[in-house]
Amino acid sequence: MGDRRTNNHSEVTDFILVGFRVRPELHILLFLLFLLVYAMVLLGNVGMMTVIMTDPQLNTPMYFFLGNLSFVDLFYSSVIAPKAMINFWSESKSISFAGCVTQLFLFALFIVTEGFLLAAMAYDRFIAICNPLLYSVQMSTRLRMQLVAGSYFGGCISSVLLTSVTFTLSFCASRAIDHFYCDYRPLQRISCSDLYILKIISFFLCSIIILPTIIVIIVSYMYIVSTVLKIRSTEGRKKAFSTCSSHLGVVSVLYGAVIFMYVIPDKFPELSKVASLCYTLVTPMLNPLIYSLRNKHVKEALRKILGKKIFLVNPILTLI
Numbered sequence: 000m001g002d003r004r005t006n007n008h009s010e011v012t013d014f015i016l017v018g019f020r021v022r023p024e025l026h027i028l029l030f031l032l033f034l035l036v037y038a039m040v041l042l043g044n045v046g047m048m049t050v051i052m053t054d055p056q057l058n059t060p061m062y063f064f065l066g067n068l069s070f071v072d073l074f075y076s077s078v079i080a081p082k083a084m085i086n087f088w089s090e091s092k093s094i095s096f097a098g099c100v101t102q103l104f105l106f107a108l109f110i111v112t113e114g115f116l117l118a119a120m121a122y123d124r125f126i127a128i129c130n131p132l133l134y135s136v137q138m139s140t141r142l143r144m145q146l147v148a149g150s151y152f153g154g155c156i157s158s159v160l161l162t163s164v165t166f167t168l169s170f171c172a173s174r175a176i177d178h179f180y181c182d183y184r185p186l187q188r189i190s191c192s193d194l195y196i197l198k199i200i201s202f203f204l205c206s207i208i209i210l211p212t213i214i215v216i217i218v219s220y221m222y223i224v225s226t227v228l229k230i231r232s233t234e235g236r237k238k239a240f241s242t243c244s245s246h247l248g249v250v251s252v253l254y255g256a257v258i259f260m261y262v263i264p265d266k267f268p269e270l271s272k273v274a275s276l277c278y279t280l281v282t283p284m285l286n287p288l289i290y291s292l293r294n295k296h297v298k299e300a301l302r303k304i305l306g307k308k309i310f311l312v313n314p315i316l317t318l319i
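Each residue of the sequence shown is one higher than the last, beginning at 0 in numbering that gives the first Met the number 0.
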């Protein structure tokens, strides 16, 4: 299994996730950091989905996309974080072959879906600001369902292609993956197969995912900025920009990390791990905070839910 003479990927039954190359005593600190961030991811995204589903006032296209964004954030961070935390305490740091396949497949599925969702959200803001009178007609229930379904479909197709090509490789050089989760670039480093097809497919996927979604986002915001600058009142401009600044912040963090990880040549493994943290844990943690703290409707809905809970709990406390 660990023999370098292994010449077929089917003979590999597990891999070793090397993780962060730090002193053993720092593993406890990293574990606590991961635990804190992952707890905030769970609390923030589950809370966001609960607020959106329970408040009728949030039954709009923007919050429909936001609810799906929280769902995606929750699941792709859950694909990565628990196993990474377990490995901080594990001596073997192993992951089964099937587990590695599953992790890469689910992660690719959700991260690509998020990219398409962010583009759909930019288009939604474009219609809301540039064509407000036609917003309810153009951004119909059918269209928003199609955009979300298309995002998941695009993520699924991309994930199937990337995962199937990656795991047809032969891993005879080593079974130690220099990362804290199974990703295709660290996997290709330990392969002794010809990587030409994998590189062509990964370049193709990046070209049809990253480039078009960035173009949609940039063009949408060019029109948004142009429209907002025509608004005469300062208050009106401020309100319009405030609805977009949260989305732009999320896009900047996610795409900055993804471009560094998958577009720039893979020469700095440790920096790649730090970049991976941005979109596996930091972005899913920040998304609900950014959207809730900067959105008065979400804050009002949250106050209503918390108010009801306090109202229900108070009579019980008085009886006790």
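Note that the Cβ used here is the ideal one computed from N, Cα and C, for glycine as well. This one's a predicted model, so the numbers in the text were calculated from it and none came from an experiment.
Roughly how many angstroms lie between the CA atoms of residue i and residue j, to the nearest whole one?
| i | j | result |
| --- | --- | --- |
| tyrosine 254 | threonine 53 | 31 angstroms |
| lysine 92 | valine 227 | 52 angstroms |
| valine 297 | lysine 303 | 10 angstroms |
| threonine 140 | serine 95 | 42 angstroms |
| leucine 42 | serine 192 | 43 angstroms |
| glutamate 90 | cysteine 99 | 18 angstroms |
| leucine 116 | methionine 84 | 28 angstroms |
| isoleucine 207 | isoleucine 258 | 14 angstroms |
| threonine 12 | proline 185 | 17 angstroms |
| isoleucine 15 | methionine 47 | 35 angstroms |
| phenylalanine 202 | serine 232 | 46 angstroms |
| methionine 0 | arginine 174 | With a pLDDT of only 41 at methionine 0, under the threshold of 50, the placement of this residue in the model should not be trusted; the figure read from the coordinates follows. Whole-angstrom Cα-Cα distance: 8 angstroms. |
| valine 281 | serine 76 | 9 angstroms |
| tyrosine 62 | tyrosine 37 | 23 angstroms |
| methionine 260 | isoleucine 79 | 16 angstroms |
| cysteine 205 | threonine 165 | 15 angstroms |
| glutamine 187 | serine 225 | 44 angstroms |
| leucine 323 | isoleucine 156 | Missing from the structure shown is residue 323; the chain here goes from 0 to 319 and no further. |
| glycine 154 | valine 21 | 34 angstroms |
| cysteine 129 | proline 60 | 16 angstroms |
| glycine 66 | glutamine 102 | 23 angstroms |
| isoleucine 216 | valine 250 | 9 angstroms |
| valine 40 | proline 283 | 6 angstroms |
Assign residue i to one of two classes, buried (16 or more other C-beta atoms within 10 Å of its C-beta) or exposed (fewer than that).
| i | result |
| --- | --- |
| lysine 198 | exposed |
| methionine 138 | buried |
| isoleucine 110 | buried |
| lysine 229 | exposed |
| lysine 82 | buried |
| tyrosine 331 | As shown, the chain starts at 0 and ends at 319. That puts residue 331 outside it, with no answer to give. |
| leucine 288 | exposed |
| glutamate 113 | buried |
| glutamine 145 | exposed |
| isoleucine 223 | buried |
| phenylalanine 152 | exposed |
| leucine 108 | buried |
| alanine 118 | buried |
| serine 163 | exposed |
| alanine 364 | The first residue shown for the chain is 0 and the last is 319, placing residue 364 beyond what the model contains. |
| isoleucine 51 | buried |
Kindly indicate which three-state DSSP category residue i falls into: helix, strand or coil?
| i | result |
| --- | --- |
| serine 271 | helix |
| phenylalanine 14 | strand |
| serine 95 | strand |
| serine 176 | Residue identity check: residue 176 is isoleucine in the sequence provided, not serine. DSSP places isoleucine 176 in strand when its eight states are reduced to three. |
| leucine 277 | Note on residue identity: the sequence assigns cysteine, not leucine, to residue 277. Reduced to three states, the DSSP call for cysteine 277 is helix. |
| leucine 311 | For leucine 311, the predicted structure reports a pLDDT of 45, less than 50, and the residue's modelled location is therefore unreliable. The matter cannot be settled from this model. |
| aspartate 123 | helix |
| lysine 198 | helix |
| arginine 302 | helix |
| cysteine 155 | helix |
| lysine 229 | coil |
| leucine 168 | coil |
| cysteine 191 | coil |
| glutamate 90 | coil |
| serine 163 | helix |
| serine 321 | The question about residue 321 has no answer, for the chain in this structure spans 0 to 319. |
| cysteine 129 | helix |
| cysteine 181 | coil |
Indicate whether residue i and residue j have their beta-carbon atoms separated by less than 7 angstroms.
| i | j | result |
| --- | --- | --- |
| leucine 219 | tyrosine 122 | First, the amino acid is wrong: residue 219 is serine here, not leucine. Closer than 7 angstroms, so yes. |
| phenylalanine 64 | methionine 120 | yes |
| leucine 73 | asparagine 44 | yes |
| phenylalanine 104 | serine 150 | no |
| alanine 300 | leucine 57 | yes |
| arginine 124 | cysteine 277 | no |
| aspartate 177 | proline 55 | no |
| serine 135 | leucine 168 | no |
| phenylalanine 87 | phenylalanine 170 | no |
Report yes if the C-beta of residue i is less than 6 angstroms from at least one heavy atom of the ligand MG; otherwise report no.
| i | result |
| --- | --- |
| glutamine 145 | With respect to the ligand MG, the structure shown offers nothing to examine, as it has no ligands at all. |
Between residue i and chain C, is the shortest Cβ-Cβ distance under 7 angstroms, so that the two count as touching?
| i | result |
| --- | --- |
| glycine 66 | Going by chain labels, chain C is absent from the structure shown, which holds only one protein chain. |
Worksheet item: Considering only residues of the region 9-79, which uninterrupted beta strand (DSSP E) runs meet the minimum length of 3 residues and lie entirely inside it, listed in chain order?
Response: 13-16
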